[in-house]
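Engineer:
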Amino acid sequence: MTTTDHRTSPALGTTTAPGQRPHLHDRGLLRLADTVLQPGFVGTAPPDWLRRRLNDGLGGVVLFARNIIDLDQVAALSAALVAENPDVIIAVDEESGDVTRLDVEHGSRRPGNHALGAVDDPALTEAVAADIGAQLAAAGITLDYAPAADVNNNPANPVIGVRSFGGTPDLVARHTAAWIRGLQSTGVAACAKHFPGHGDTGVDSHHGLPVIEVDAARLGQVELPPFTAAIDAGVRSIMTAHLLVPALDPERPATMSRSVLIDLLREQLGFKGLVVTDGIEMASVAQRYGLGGAAALAIAGGADAICVGGESADEAVVELLRTSIVDAVVSGELPEERLAEAASRVAAFAAESAAERGSRAAAAARWHAADRPEIGLAAARRALRVTGAGTLPLAGPAHVVEFGVAMNLAIEARTPWGVGAPLKALRPDTTVVRLDERATVADVLGGAQGRVPVLVCRDPHRHPWLAHLIAAVVAARPETVVVEMGVAAGEPVGALHLTTYGAAAVCGQAAAEALAGATH
Numbered sequence: 001m002t003t004t005d006h007r008t009s010p011a012l013g014t015t016t017a018p019g020q021r022p023h024l025h026d027r028g029l030l031r032l033a034d035t036v037l038q039p040g041f042v043g044t045a046p047p048d049w050l051r052r053r054l055n056d057g058l059g060g061v062v063l064f065a066r067n068i069i070d071l072d073q074v075a076a077l078s079a080a081l082v083a084e085n086p087d088v089i090i091a092v093d094e095e096s097g098d099v100t101r102l103d104v105e106h107g108s109r110r111p112g113n114h115a116l117g118a119v120d121d122p123a124l125t126e127a128v129a130a131d132i133g134a135q136l137a138a139a140g141i142t143l144d145y146a147p148a149a150d151v152n153n154n155p156a157n158p159v160i161g162v163r164s165f166g167g168t169p170d171l172v173a174r175h176t177a178a179w180i181r182g183l184q185s186t187g188v189a190a191c192a193k194h195f196p197g198h199g200d201t202g203v204d205s206h207h208g209l210p211v212i213e214v215d216a217a218r219l220g221q222v223e224l225p226p227f228t229a230a231i232d233a234g235v236r237s238i239m240t241a242h243l244l245v246p247a248l249d250p251e252r253p254a255t256m257s258r259s260v261l262i263d264l265l266r267e268q269l270g271f272k273g274l275v276v277t278d279g280i281e282m283a284s285v286a287q288r289y290g291l292g293g294a295a296a297l298a299i300a301g302g303a304d305a306i307c308v309g310g311e312s313a314d315e316a317v318v319e320l321l322r323t324s325i326v327d328a329v330v331s332g333e334l335p336e337e338r339l340a341e342a343a344s345r346v347a348a349f350a351a352e353s354a355a356e357r358g359s360r361a362a363a364a365a366r367w368h369a370a371d372r373p374e375i376g377l378a379a380a381r382r383a384l385r386v387t388g389a390g391t392l393p394l395a396g397p398a399h400v401v402e403f404g405v406a407m408n409l410a411i412e413a414r415t416p417w418g419v420g421a422p423l424k425a426l427r428p429d430t431t432v433v434r435l436d437e438r439a440t441v442a443d444v445l446g447g448a449q450g451r452v453p454v455l456v457c458r459d460p461h462r463h464p465w466l467a468h469l470i471a472a473v474v475a476a477r478p479e480t481v482v483v484e485m486g487v488a489a490g491e492p493v494g495a496l497h498l499t500t501y502g503a504a505a506v507c508g509q510a511a512a513e514a515l516a517g518a519t520h
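Dropping the structure here:
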């Protein structure tokens with residue numbers, strides 16, 4: 001998420017500085033505003049300010065990778081949060097695959113949505129999601145900001161990509177529903193995102209405001225079916241998208257639009273659960289309205305909870321948002337009834353989560369069981385596709401070249417990815433280097449004498465330098481093997497082309513096994 005700490009809003013006027021309370025703010029309004037916030041924080045234990053605000057009624061908390069060391073630590077952290085507020089919603093953005101929080105240090109133990117869509121076995125998707133839910137339940141998490149229900153029908157999309165099940169609405173709809181059934185079977189709530197659909201955009205909403213230039217009929221045919229399937233599957237929450245859909249609202253982004261959140265999501269689609277915003281500090285909305293203005297506009301537009309804290313993660317931000325929301329009520333820009341309705345939905349969600357404690361306890365016990373099956377690697381193996389005229393395993397030692405490209409902010413930069421490490425574990429004679437856009441053909445082939453070049457990449461169709469470099473290397477060394485760990489687009493290149501449909505650790509392991517001829 002991108003932080004922009006503007007304190008004024010063209011729509012809502014000047015807000016009060018953090019730490020100051022206008023004299024008109026009564027305790028009831030402050031309590032309602034506290035209830036609808038889901039902030040992040042820094043540290044692996046709750047800071048004093050967070051404990052105090054939870055005790056005063058803060059409705060939720062979102063955990064990021066910076067808050068996570070291991071499962072036991074997260075479980076202790078969750079218990080400390082609950083001790084301050086038994087009704088607190090504890091959320092995390094655990095999609096698995098490329099976007100993982102619980103496995104951030106070692107890479108996800110499960111493939112992401114794109115790989116599951118490639119297999120196209122809803123039963124497998126449901127089982128993988130149940131495995132995720134068991135891990136989250138063991139960590140004390142009650143809300144997972146997943147799955148992505150976006151139809152990634154634009155291969156140039158810089159922010160969804162492998163986070164989507166695929167590029168067709170039917171495929172995405174059936175796997176979205178299966179994923180939700182699996183996760184919620186463990187008592188952890190799912191959150192379908194990013195409504196009304198972030199798949200057909202070439203702009204990353206962390207940095208700018210995407211515009212979806214399609215008519216309402218096209219939305220109904222392509223973008224909306226996965227969300228309809230999510231609602232039919234009983235999804236307990238839906239996350240908004242920070243994008244503009246002129247066919248629905250030519251002025252306000254979806255996160256702030258009554259046309260999108262009330263008329264479409266609530267009335268037309270019939271969703272009755274919790275509506276959560278995407279990170280309110282993302283540039284697509286914060287640069288236009290300020291942090292406080294964006295939060296108040298989102299509640300006014302029909303959102304029930306404000307997610308914040310990817311980078312804006314201190315008490316001053318929480319105070320700013322709370323004060324801005326209350327200011328908007330006092331000024332008449334935000335009807336008090338709408339704020340009260342949002343707070344009541346948060347309370348209803350918390351009550352439902354409390355009723356699911358038994359399911360989460362049972363799922364946590366399954367997670368800790370000694371004989372728990374490791375479904376993630378099996379799923380990654382099923383997703384792997386191999387094309388080309390070459391043969392496996394590799395006839396000789398490999399020289400693995402992994403190409404680093406800029407990733408969107410949803411993906412933690414430090415999360416391991418690639419094929420080199422797992423292949424070297426299987427074939428110790430493997431050599432591994434990682435290069436970037438400054439690389440030349442000579443750089444790539446410099447260590448490949450007497451070895452098979454294995455080029456590992458993500459989305460070369462979105463990075464012309466990478467596509468050209470791979471083509472040049474294959475021309476120079478026709479026996480080159482290419483491993484694509486992003487969205488599969490374009491014709492396969494190389495003597496062999498391995499497609500993993502994601503860069504999770506298990507995807508790299510599955511590719512390494514194929515290259516090494518390892519049996520399982």
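Each step along the sequence shown adds one to the number in full-length UniProt numbering, with nothing skipped, and position 482 is 482.
Just so it is clear, CB atoms sit at the ideal spot from N, CA and C, and this is done for glycine as well.
It should be emphasised that the depicted structure is a prediction, and the values quoted were computed from it without experimental measurement.
Please return the same chain residues whose Cβ sits closer than 6 Å to the Cβ of H23, not counting the five positions on each side in sequence.
Structural biologist: Per-residue confidence for H23 stands at a pLDDT of 42, beneath the threshold of 50, marking its modelled position as unreliable; the derived number appears in the next sentence. None.
Engineer: Going by DSSP, what residues sit across from V400 in a beta bridge?
Structural biologist: According to DSSP, V400 bridges with V432, V454.
Engineer: Alpha carbon to alpha carbon, how far is A355 from F271? Give it in angstroms, no decimals.
Structural biologist: Between F271 and A355, the C-alpha separation is close to 20 Å.
Engineer: In whole angstroms, what is the alpha-carbon distance linking Q509 and L423?
Structural biologist: Near 7 Å, if we compare the C-alpha coordinates of L423 and Q509.
Engineer: My understanding is that F165 touches H114, with C-beta atoms under 8 Å, so please give their C-beta distance in whole angstroms.
Structural biologist: Right, the Cβ-Cβ distance comes to about 7 Å (below 8 Å), so this counts as a contact.
Engineer: Pull the bridge partners of R385 from the DSSP assignment, please.
Structural biologist: Answer is T499.
Engineer: Tell me the rounded alpha-carbon separation between G404 and R458.
Structural biologist: If I take the Cα positions, the gap works out to 8 Å.
Engineer: Excluding the 5 residues preceding and the 5 following Q449 in the sequence, name in chain order all residues of the same chain whose CB lies nearer than 7 Å to its CB.
Structural biologist: Excluding positions up to five away in sequence, the list is empty.
Engineer: Let me make sure I understand the geometry here. Which of G420, A439, E336 has the alpha-carbon closest to that of M485?
Structural biologist: M485 has its Cα closest to that of G420, out of G420, A439, E336.
Engineer: Which value, in whole angstroms, describes the spacing of the CA atoms of residue 530 and A177?
Structural biologist: The requested residue 530 is not part of the displayed model; the chain covers only 1 to 520.
Engineer: When you compare the segment 186-194 with the segment 227-236, are there three or more beta-carbon pairs, one atom per stretch, that lie closer than 8 Å?
Structural biologist: At 8 Å Cβ cutoff, the stretches touch.
Engineer: Would you say the segment 212-227 touches the segment 166-174, given that touching needs at least three Cβ pairs under 8 Å?
Structural biologist: The segment 212-227 vs the segment 166-174: in contact.
Engineer: State the DSSP-derived secondary structure class of A354, mapped to helix, strand or coil.
Structural biologist: If DSSP states are grouped into helix, strand and coil, A354 belongs with the helices.
Engineer: Please confirm whether A230 and A149 have their CB atoms less than 7 Å apart.
Structural biologist: Contact: yes.
Engineer: By a C-beta neighbour count over all protein chains shown, 10 Å radius and 16 as the cutoff for buried, is H497 buried or exposed?
Structural biologist: The residue is buried, with at least 16 neighbouring Cβ atoms inside 10 Å.
Engineer: Should R357 be labelled buried (16 or more other beta-carbon atoms within 10 Å of its own) or exposed?
Structural biologist: Burial call: exposed.
Engineer: Alpha carbon to alpha carbon, what distance is there between V474 and T480?
Structural biologist: When rounded, the distance between both Cα atoms is 6 Å.
Engineer: Quick check: the Cα distance between A300 and R338, rounded to an integer number of angstroms?
Structural biologist: If you take the alpha carbons of A300 and R338, they lie about 7 Å apart.
Engineer: Is there contact between the segment 430-438 and the segment 383-402, where contact requires at least three CB pairs shorter than 8 Å?
Structural biologist: The segment 430-438 vs the segment 383-402: in contact.
Engineer: Which residue spans inside the segment 301-354 form an unbroken beta strand (DSSP E) run of at least 3?
Structural biologist: Complete beta strand (DSSP E) runs here, min 3: 306-308.
Engineer: Going by DSSP, what residues sit across from F227 in a beta bridge?
Structural biologist: In the DSSP output, where bridge partners are listed per residue, F227 has none listed.
Engineer: For G273 and G197, I'd like the C-alpha separation in whole angstroms.
Structural biologist: Each residue's Cα considered, the two are about 18 Å apart.
Engineer: Only counting the same chain, and skipping five residues up and downstream in sequence, which positions put a Cβ closer than 7 Å to that of E315?
Structural biologist: Only W49 meet the Cβ criterion.
Engineer: Among A379, L63, S312, R438, which has the Cα closest to the Cα of H520?
Structural biologist: For H520, the nearest C-alpha among the options comes from A379.
Engineer: Check whether the segment 55-66 and the segment 304-318 touch, using three or more Cβ-Cβ pairs below 8 Å as the test.
Structural biologist: Judged by Cβ distances under 8 Å, the segment 55-66 makes contact with the segment 304-318, as three or more pairs qualify.
Engineer: Opposite T44 in the DSSP bridges: which residues?
Structural biologist: Per DSSP, none; premise fails for T44.
Engineer: Could you tell me the boundaries of the beta strand (DSSP E) in which V275 lies?
Structural biologist: 274-276 is the extent of the beta strand (DSSP E) around V275.
Engineer: Would DSSP call T100 helix, strand or coil?
Structural biologist: Three-state DSSP puts T100 in coil, outside helix and strand.
Engineer: Measure the beta-carbon distance from A511 to V487 and round it to whole angstroms, keeping in mind my assumption that it falls under 8 Å.
Structural biologist: With 8 Å as the limit, A511 and V487 do not qualify as a contact, their Cβ atoms being about 16 Å apart.
Engineer: P210 to A283, Cα distance in whole Å?
Structural biologist: For P210 and A283, the distance between alpha carbons rounds to 11 Å.
Engineer: Could you pull the DSSP bridge partners for I212 from this structure?
Structural biologist: Partner(s): none; I212 has no beta bridge.
Engineer: Straight-line CA distance for P47 to V74?
Structural biologist: Roughly 14 Å separates the two Cα atoms.
Engineer: Assuming the contact rule is C-beta atoms closer than 8 Å, L248 and L264 should be a hit. Round their C-beta distance to whole Å, please.
Structural biologist: Right, their Cβ atoms sit about 6 Å apart.
Engineer: In the structure shown, what three-state DSSP assignment does H520 receive?
Structural biologist: Correct three-state label for H520: coil.
Engineer: Closest to A364 by CA distance: which of V276, I69, A139, S257 is it?
Structural biologist: If we check each option's Cα against that of A364, A139 comes out closest.
Engineer: Where in the segment 80-156 do unbroken runs of the beta strand (DSSP E), each at least 3 residues long, occur, reported from the N-terminal end onward?
Structural biologist: Those beta strand (DSSP E) runs which fall completely within the segment 80-156 and span 3+ residues are 89-92.
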